[in-house]
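Colleague:
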Amino acid sequence: MNADAGFVQIKDLAAHDGRDVSIHGWLFGKRSGGGVAFLQIRDGSGICQCVVESSAEDAFKKASELPHESSLIVRGIVRKDERAIGGYEIAVSSVEIIHIAAEYPITRKAHGIDFLMSHRHLWLRSRRPTAILRIRHTLIKACRDFFDNRGFTLVDTPILVAGAGEDAQTLFPVEYFDRKAFLAQTGQLYLESACLALGKVYCFGPTFRAEKSKTRRHLTEFWMIEPEVAFAELDDVIALAEDMVCYVVEQVLARHQDDLTFLGRDIEALRKVKKPFIRMTYGEVAENLRSAKTKDWLEKEMMRDKEKLQALIDELGRLEKQVDAVKKTAQKDKIQIQIHELKENIEDLEADLHNRPAHIASAQAFEFGGDLGGSDETIISKQFDKPVFVTDYPREAKAFYMKESVQDKRLVRNMDLLAPEGYGEIIGGSQREENLDVLVTRMKEKGLNPEDYDWYLDVRKYGSVPHGGFGLGIERALTWICGLKHVRETIPFPRTMGRIYP
RNA sequence: UCCGGCGUAGCUCAAUGGUAGAGCGCUUGGCUGUUAACCAGGAUGUUACAGGUUCGAGCCCUGUCGCCGGAGCCA
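First residue of the first sequence? That's 79 in the working numbering, and the numbers climb one at a time after it.
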């Protein structure tokens, strides 16, 4: 596999039109006839059709016998052909088999989520995961470029920590020689001290939460990018988050039209993500949730969704009739997969509609003091087509380090960013309490022992300044940007409450 | 932790308490432009596990396990 063998990546085929090239990859799909075989080969950069004619005797024999996902090298002339996906194909002169694959468990037909998750190491090779992982790469790079270009310094924070970040109940304990330690939930406390050294800092790494939650928004191990800025107040933190999200969405749109389209993402909805985002205080959100207008809106939405459900059920009936009429098995397959997807969508919508009255009732009964529930977030984020900043939550609902509001001591200077289209919280941040005495009081309020946080309190003893930052959950942001139903598809090997394999 | 659902062939799913099936995948043969190809044949089962009811259990009952969805909590 040396350079002079003329290896090219499939994505660059067009630039080699008419030339003799080699590609190496895996057999993604195959159709073979008596005298011609069509190999779909993927190499990680794309998928290419390779045509092997029986006149190329050795190549044809090998091609006909190869099972799916075998690895191989093919050599041939690149040529333009409208019948090939991508517009170019390779007229094969030779096939070199690297490895003959065993029977591959993942087919291009319908699979259930449990099966796919148990075969995640293989599922990664499919088109949907690769599309998502490419977007993940861009999102992470865009976040890092954004901070790097603004004079931030990357500061790596520890993953093994002695004490709780926020709530000890949700920490994973680990043995640390003869002591107990925990896996970090956030790098924030460390970043706060680092920002007094470097001014503007950020960290990017995995975080761990032992929350016993099994929902489409939760992982036990997820990645977070967290900036922290000295001399910043809440408005600065909000502006920073707004600019970052706009930049990230812009970068993904610029590079991944094809991937987003493959995922079925409504790209127009993403294009609307431009400054300024919506800003509401917690008080305004509470009022909104309780209002007659919102109730009316929700009830109308529920009616619309009921109609949508009926339309889906009608569609299902239509397809089920059609499937009996169709003879060709490929078409039948296609319809059966549509039926499968439709059934899933119907189940989801039914479950959603079933929960809806309770959500409406809980929104109407929303009381000052509580944190926003998942359903409340969904309600707010469905009402707008741009992300929504919610600020100034009640202090009892939020962490000890958030700065107390000057105007209203019941509130803290924090913000959550809710992604639109019902996706909900992707960012949580705040201005931090820089006053030592207030901070200690707040810790005691939360039942924490200030002595455990001596080093952290030192940040307030030696040149304390206003500062603040936020954390962006990479997987939640990706779920929204890719338009997915569940966070588990946005990370290569998801860790959820019920799964740690593979 | 709580509430609900599911568990049948490698996969996706059928099967009034009465002979365990279909499609795909795999395999054999055919076909020189296929687009999740097509045509003809073939192999494939501890019905999650352990008890119970019954002449008879994939189906009913009890328990266990696994997974899925939701609540609380959170990014």
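Ideal placement from N, C-alpha and C gives every residue a C-beta, glycine not left out.
Please state the DSSP three-state secondary structure of Ala436.
Modeller: helix
Colleague: Tell me which same chain residues have a C-beta within less than 6 Å of the C-beta of Ile552, skipping the five on either side of it?
Modeller: Trp301
Colleague: Going by DSSP in three states, Val363 sits in which element: helix, strand or coil?
Modeller: helix
Colleague: What residues in its chain sit with their C-beta under 6 Å from that of Ser149, if we drop five residues either side in the sequence?
Modeller: Trp104, Ile176, His177
Colleague: For Leu202, collect the residues of the same chain with a Cβ closer than 8 Å to its Cβ; drop the 5 residues on either side in sequence, then sort them by chain order.
Modeller: Thr208, Leu211, Pro570
Colleague: Quick one, which of Asp313, Leu376, Asp321 has its alpha-carbon nearest Thr359's?
Modeller: Asp313
Colleague: Write down the C-beta distance between Ala101 and Ile125 rounded to the nearest angstrom, noting that I regard them as a contact closer than 8 Å.
Modeller: Residue 101 is actually Ile in this sequence, not Ala. About 11 Å; that fails the 8 Å criterion.
Colleague: Have a look at Arg206 and Asp90 and give me their C-alpha separation to the nearest angstrom.
Modeller: Note on geometry: alpha-carbon atoms of Arg206 and Asp90 lie some 21 Å from one another.
Colleague: Check this for me: beta carbons of Gly541 and Leu274, under 9 Å apart or not?
Modeller: yes
Colleague: Could you spell out where the alpha helix (DSSP H) holding His199 opens and where it closes?
Modeller: Note, His199: alpha helix (DSSP H), 198 to 201.
Colleague: DSSP state of Arg212, grouped into three classes?
Modeller: helix
Colleague: Considering only their Cβ atoms, is the gap separating Asp98 from Ser204 smaller than 9 Å?
Modeller: no
Colleague: According to DSSP, Arg153 sits in a beta bridge with which residue or residues?
Modeller: Ser100, Ser172
Colleague: I think Glu311 touches Thr264, with their Cβ atoms under 8 Å apart; what is that distance to the nearest whole Å?
Modeller: About 21 Å separates the beta carbon of Glu311 from that of Thr264, a gap too long to meet the 8 Å contact definition.
Colleague: Helix, strand or coil for Gln263 per DSSP?
Modeller: coil
Colleague: I need the straight-line Cα distance from His545 to Arg510, nearest angstrom please.
Modeller: 6 Å
Colleague: Cα separation between Leu495 and Gly506?
Modeller: 6 Å
Colleague: In angstroms with no decimal places, state the Cα-to-Cα distance between Phe548 and Leu267.
Modeller: Rounded to whole angstroms, the separation of the alpha carbons of Leu267 and Phe548 is 12 Å.
Colleague: What is the rounded straight-line gap between the Cα of Gly243 and the Cα of Glu377?
Modeller: Summary for Gly243: the model assigns pLDDT 48, below 50, so the residue's position carries little reliability, and this model does not support an answer.
Colleague: Please check the pair Cys560 and Leu232, which I expect to be a contact at CB under 8 Å, by giving their CB distance rounded to whole angstroms.
Modeller: Wrong, their Cβ atoms sit about 26 Å apart, outside the cutoff.
Colleague: Leaving out the 5 sequence neighbours to the left and right, which residues in its chain are closer than 7 Å to Tyr325 when beta-carbon positions are compared?
Modeller: Ala220, Phe224
Colleague: Three-state secondary structure (DSSP) at His418?
Modeller: helix
Colleague: Under DSSP, the alpha helix (DSSP H) around Leu318 begins and ends at which residues?
Modeller: It spans 312 to 333 - the alpha helix (DSSP H) in which Leu318 sits, taken as one unbroken run.
Colleague: Report the rounded CA-to-CA distance for Glu299 versus Phe250, giving the unit in angstroms.
Modeller: 10 Å
Colleague: Which term fits Pro236, buried or exposed, when burial requires 16 or more other beta carbons within 10 angstroms of its beta carbon?
Modeller: exposed
Colleague: Between which residues of its own chain and Ile155 is the CB-CB distance below 6 Å, once the five residues before and five after are set aside?
Modeller: Hits under 6 Å: Asp98, Ala169.
Colleague: Confirm, please, whether the CB-CB distance from Ala332 to Asp463 is below 9 Å.
Modeller: no
Colleague: Given a cut-off of 9 Å, decide if Val307 and Val279 are closer than it, judged by their beta-carbon atoms.
Modeller: yes
Colleague: Helix or strand or just coil, what does DSSP make of Thr298?
Modeller: Three-state result, Thr298: coil.
Colleague: Between Leu390 and Leu427, which are expected to be in contact by the criterion C-beta below 8 Å, what is the C-beta distance as a whole number of angstroms?
Modeller: 7 Å
Colleague: If contacts are defined as beta-carbon pairs under 8 Å, then Arg520 and Phe478 qualify, I think. What distance do you get, rounded to the angstrom?
Modeller: Taking C-beta atoms under 8 Å as the contact rule, Arg520 and Phe478 qualify, at a distance of about 4 Å.
Colleague: Give a yes or no on contact between the region 496 to 505 and the region 529 to 537, applying the rule of three or more CB pairs nearer than 8 Å.
Modeller: no
Colleague: If you reduce the DSSP assignment to three classes, tell me which class Tyr531 lands in.
Modeller: helix
Colleague: Residue range of the beta strand (DSSP E) that Ile125 falls in?
Modeller: Looking at the DSSP string, the run of the beta strand (DSSP E) that includes Ile125 is 125 to 131.
Colleague: Which same chain residues, not among the five before or five after Ala319, have their C-beta less than 7 Å away from its C-beta?
Modeller: Leu495, Ile505, Gly507, Phe548
Colleague: If you measure between the beta carbons of Ala475 and Gly452, is that distance less than 9 Å?
Modeller: Using a Cβ distance threshold of 9 Å, Ala475 and Gly452 do not count as a contacting pair.
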